[in-house]
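Structure record follows, encoded as structure tokens.
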Amino acid sequence: MEDGALTSDWLGAFNAVPRELFVPDLMWPGKAKGTGTGQGDALDRNENPEAWFEAVYSDVSLTTQWDDGQHWGTGKGRTPTCSNSQPSMVFSMLAALDVQVTSRVLEIGTGTGWNAALLSERVGPSNVFSVEVDEENAKAARERIESAGYRPTLIVGDGFEGYREGAPYDRVLVTAALTEVPHRVIGQVRTGGVIVAPYATTYGGEGVVRLTVQRDGSAVGPFVSSSAFMRLRQQRQKRRHVREYLGGKKWPADGVQSMTSVSPELIGDWLPMFAIGLQTQGVFPWAENYDDGSYTLWLRDTAVTSWATVGYEPGREEFEVYQSGPRDLWDEVVVAYLRWDAQGRPGFEQFGLTVDGETGEHTPWLGSPDHPLRIVD
Ligand SMILES: C[S@@+](CC[C@H](N)C(=O)[O-])C[C@H]1O[C@@H](n2cnc3c(N)ncnc32)[C@H](O)[C@@H]1O
9 MEDGALTSDW
19 LGAFNAVPRE
29 LFVPDLMWPG
39 KAKGTGTGQG
49 DALDRNENPE
59 AWFEAVYSDV
69 SLTTQWDDGQ
79 HWGTGKGRTP
89 TCSNSQPSMV
99 FSMLAALDVQ
109 VTSRVLEIGT
119 GTGWNAALLS
129 ERVGPSNVFS
139 VEVDEENAKA
149 ARERIESAGY
159 RPTLIVGDGF
169 EGYREGAPYD
179 RVLVTAALTE
189 VPHRVIGQVR
199 TGGVIVAPYA
209 TTYGGEGVVR
219 LTVQRDGSAV
229 GPFVSSSAFM
239 RLRQQRQKRR
249 HVREYLGGKK
259 WPADGVQSMT
269 SVSPELIGDW
279 LPMFAIGLQT
289 QGVFPWAENY
299 DDGSYTLWLR
309 DTAVTSWATV
319 GYEPGREEFE
329 VYQSGPRDLW
339 DEVVVAYLRW
349 DAQGRPGFEQ
359 FGLTVDGETG
369 EHTPWLGSPD
379 HPLRIVD
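The sequence shown begins at 9 in our numbering and counts up one residue at a time.
As structure tokens, then:
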């Protein structure tokens with residue numbers, strides 16, 4: 009596990025709740041750091057126990073379900089929808105949660121049940137409430153948690169609603185990425201309580217935010233690390249096809265041509281994507297790749313009013329841009345990128361988020377809540 013992720017206060021729970029009890033026989037291990045992204049081939053405990061155990065005791069996430077359970081067999085599905093998360097991420101989020109022995113904790117996304125069992129060991133099962141939207145995942149998690157000897161309150165439902173019956177909570181741990189921190193959940197946390205959640209921007213990039221609930225009902229706090237979780241089921245974005253943006257015409261349709269000296273290569277990493285995502289509204293990228301290493305970066309807006317393309321070719325210093333619609337999406341993204349660059353390329357931990365208690369409005373900030381980020385328009 010990455011250095012420092014497992015803090016001494018979690019060591020006892022880590023030893024008492026072995027990960028192997030929470031991993032199904034068939035799973036798809038994530039690639040180890042530096043060897044690429046995504047999932048490797050399936051491992052079946054019955055066929056290859058050695059490799060299965062090696063993966064379970066590696067610092068990688070283990071995918072346990074694809075396509076909301078609509079995918080069968082040992083091949084990979086389209087979208088991973090449940091996993092036993094990477095241990096260093098599990099324990100760094102638990103460290104950020106900063107539980108006390110009597111903390112009342114709500115978990116959103118029971119998944120395989122490992123976190124709920126770890127929390128039960130640490131704060132006692134009667135203080136743990138965990139919500140899972142998928143019935144099959146919930147059933148399997150319950151069996152595992154109970155056979156490990158814990159009986160926390162397990163709920164099948166939409167975690168976006170929280171779980172009112174168990175409120176008020178001292179801590180909330182969300183283990184699926186949010187694009188919006190649920191207002192209702194904030195209302196179920198006592199003043200001074202903490203919410204730890206992966207927060208994803210529409211543009212891409214994601215970080216774990218640690219929000220403290222204030223007396224006025226708002227929730228405020230910094231990001232503590234980068235992350236890459238699967239989305240909360242109800243917050244997945246349905247992306248409309250490029251065709252719908254072109255209005256039946258062939259690209260570049262009515263797009264207005266220009267040139268840019270900002271390479272799309274500069275903005276493709278997780279951190280600049282996150283910084284751009286915090287400063288723009290409803291813009292998302294997609295790269296159409298070609299065999300020779302060139303690609304077209306497409307930008308579209310969620311309102312389906314505007315699109316832009318940037319043609320990347322290796323070795324060039326200027327790139328052709330087309331923009332169409334009321335929003336100049338490439339120009340917006342460039343402004344957001346250049347602001348971040350001019351600020352000295354701040355990391356995840358320098359950003360933070362305020363969620364208004366009354367309106368639910370989300371305001372990202374840099375350095376402190378007094379310095380909200382300007383949204384590019
Ligand atoms: C990364 S897994 C959680 C890992 C888990 N904490 C563990 O210890 O194994 C994400 C889980 O969130 C669940 N999920 C997605 N949307 C949800 C929602 N709206 N409410 C509750 N659970 C949700 C998924 O079904 C999936 O099981």
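Beta carbons: idealized from backbone N, C-alpha and C, even for Gly.
Terminal residues of the alpha helix (DSSP H) in which residue i lies
i, result
"L127", "W122 to V131"
"E115", "E115 -> not in any alpha helix (DSSP H); beta strand (DSSP E) instead, spanning V113 to I116."
"N23", "S16 to A24"
"E154", "E143 to S155"
"S138", "Premise fails: S138 lies in the beta strand (DSSP E), V136 to E140, not in any alpha helix (DSSP H)."
"L102", "P95 to L105"
"R198", "No alpha helix (DSSP H) holds R198; the beta strand (DSSP E) holding it covers V197 to A208."
"D339", "L337 to A350"
"W60", "P57 to V64"
"Y253", "V250 to L254"
Best match in the options for proximity to residue i [C-alpha to C-alpha]
i, options, result
"T210", "Q243, P354, P32 and E296", "Q243"
"S97", "E366, V68 and V318", "Looking at the sequence itself, residue 97 is Met, so the reference to Ser does not match. Out of E366, V68 and V318, V68 has the C-alpha closest to the C-alpha of M97."
"E326", "L274, F356 and S91", "L274"
"A148", "N23, L29 and E252", "L29"
"R335", "G355, D349, T310 and R353", "T310"
"V164", "L127, Y177 and V141", "V141"
"P37", "D49, V204, G301 and Q331", "D49"
"A236", "N23, L307, M281 and P377", "M281"
"D224", "G12, V342, G368 and F61", "G368"
"G2", "H370, L186 and A104", "In this structure the chain extends from 9 to 385, so residue 2 is not present and cannot be described."
"L186", "W60, V197, Q245 and E143", "Q245"
"Q196", "R172, I203, G215 and A208", "R172"
"D33", "R27, L127, P26 and W60", "W60"
"H26", "R324, L127, G301 and T43", "According to the sequence shown, residue 26 is Pro rather than His. It is L127 whose Cα lies nearest to the Cα of P26."
8 Å Cβ cutoff met for residue i and residue j
i, j, result
"V232", "T199", "no"
"R179", "L162", "no"
"G174", "W278", "no"
"A184", "I153", "no"
"L337", "V264", "no"
"T89", "D52", "no"
"V270", "Y320", "no"
"T288", "V384", "yes"
"L70", "N56", "no"
"Q73", "N123", "no"
"V182", "P206", "yes"
"V318", "P260", "no"
"V31", "T120", "yes"
"Q227", "L219", "In the sequence under discussion, the amino acid at residue 227 is Ala, which differs from the Gln named in the question. Yes, they are a contact pair."
"V107", "V131", "yes"
"F99", "W18", "yes"
Boundaries (first-last residue) of the beta strand (DSSP E) holding residue i
i, result
"L274", "Per DSSP, L274 belongs to no beta strand (DSSP E) and is neither H nor E."
"M35", "L34 to P37"
"L374", "H370 to L374"
"F359", "F359 to V363"
"Y394", "Past the edges of the chain, shown from 9 to 385, lies residue 394, and the structure says nothing about it."
"S235", "Note, S235: premise wrong, no beta strand (DSSP E); not H, not E."
"Q331", "F327 to S332"
C-alpha distance - residue i paired with residue j, whole-angstrom precision
i, j, result
"P386", "V329", "The first residue shown for the chain is 9 and the last is 385, placing residue 386 beyond what the model contains."
"M9", "Q94", "9 Å"
"M238", "T268", "34 Å"
"G276", "G157", "45 Å"
"Q47", "V64", "14 Å"
"D467", "G285", "Because the chain is modelled from 9 through 385, residue 467 falls outside the range shown and cannot be assessed."
"A21", "G375", "34 Å"
"W373", "M101", "21 Å"
"E252", "W294", "15 Å"
"Y177", "D262", "53 Å"
"L381", "A283", "10 Å"
"N135", "S155", "18 Å"
"L305", "W315", "11 Å"
"V312", "R248", "8 Å"
"A24", "S111", "19 Å"
"K41", "E62", "15 Å"
"D364", "W80", "42 Å"
"V342", "M35", "40 Å"
"G333", "V193", "37 Å"
"F356", "H379", "15 Å"
"D75", "K84", "10 Å"
"T43", "S66", "14 Å"
"S266", "K258", "18 Å"
"G301", "E129", "51 Å"
| said: Three Cβ pairs or more, each shorter than 8 Å: is that satisfied between the region 164-174 and the region 114-122? | reply: yes
| query | Is the region 224-231 in contact with the region 355-370, if contact means three or more CB pairs nearer than 8 Å? | reply | yes
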